[in-house]
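If you read the sequence shown in the working numbering, its first letter stands for residue 20, the second for the next number, and so on.
All residues carry an ideal CB built from backbone N, CA and C; glycine is no exception.
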Amino acid sequence: MKGILFLSAMSLLTGIATPASAMTYFLVRDLGVKDNMRRCLYSNNEIYAYNSTEICPLQIEDDSIKSNRSQKGFYKGEYPDGMTKVCVYDVMGETRSIRINGIKLCPMQAEF
């Protein structure tokens, strides 16, 4: 019986110790600086925001697990884009954004 428990514990430990696979995405275009945030478009069609003094990294590693569960984002900033406004959020360390009507206020939290 102890042998079976030991094997189960070892397989559990081995499963935890294996590194998660991450996807590498490459810079498609530097979208420029707006409101102290540099926006960078990557090959996964996601826009990531960085401090305006930084340059866009040529590639990024994204190991976030995409699931059907929604995640809560917390307000990080905003910038105007024509007649609309882009609201930027921090979703568990990842920068995400939504586009809303330019005269509305960005919500303090958003579901992604």
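- Judged by DSSP secondary structure, E73 falls outside any beta strand (DSSP E); it is assigned neither H nor E.
- Under the DSSP assignment, L60 falls in the beta strand (DSSP E) whose first and last residues are 56–61.
- Nearest to L46 by alpha-carbon distance, out of P76, A68, S71, is P76.
- DSSP places G96 in the uninterrupted beta strand (DSSP E) bounded by 91–100.
- A residue is called buried when at least 16 other Cβ atoms come within 10 angstroms of its Cβ; M127 does not meet this threshold and is exposed.
- Bounds of the beta strand (DSSP E) holding M42 are 42–53.
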